[in-house]
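*Asks:* Got a structure for you, written out below as structure tokens; questions coming shortly.
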Amino acid sequence: MLVSYHVGCTAYEDQLTADLMPYVVSEEGQAAAAEVAGVAGVAGAAPNSGALHEQARMAIDAISTAS
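All letters in the sequence shown, in the order written, are residues 77 to 143 by this note's numbering.
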């Protein structure tokens, strides 16, 4: 996963903010991160590991919104 770290909450005030975590973990979000990393000269980015992706999906499934 092309994220050095990503801190999330289990509850957000609005859906737009809550949608950030799934985007970061998505193929589209990972492609955007890879593109920016390439521009920044970051070498050796590893593909998303299955275990890390599963942990991220479990965290995403726990997210709720106030509205």
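Think of the CB as a built atom: it goes at the ideal place given N, C-alpha and C, for glycine as much as any other residue. Note that the coordinates shown come from a computational prediction; the quantities given were computed from them, not determined experimentally.
Indicate whether A135 and E89 have their beta-carbon atoms separated by less than 9 Å.
*Replies:* Walking along the sequence shown from the start, residue 135 turns up at place 59. Walking along the sequence shown from the start, residue 89 turns up at place 13. Not a contact, by the Cβ cut-off of 9 Å.
*Asks:* So if DSSP puts A110 in a beta bridge, which residue, or which two residues, is it bridged to?
*Replies:* For the purposes of this step, residue 110 is taken as the residue at position 34 of the sequence shown. BP columns for A110 are empty, so no partner.
*Asks:* What does DSSP give as the partner residue(s) for A87 in the beta ladder?
*Replies:* The residue labelled residue 87 in the question sits at position 11 within the sequence shown. DSSP output for A87 lists S140 as bridge partner(s).
*Asks:* In this structure, how does DSSP classify H82 when only helix, strand and coil are distinguished?
*Replies:* Taking the first residue of the sequence shown as 1, we reach residue 82 at position 6. Note: H82 maps to coil in three-state DSSP.
*Asks:* Can you tell me whether A94 is buried or exposed? The criterion is at least 16 other CB atoms within 10 Å of its CB, across all chains shown.
*Replies:* Translated into the one-based positions of the sequence shown, residue 94 becomes position 18. Buried, since its Cβ has 16 or more Cβ neighbours within 10 Å.
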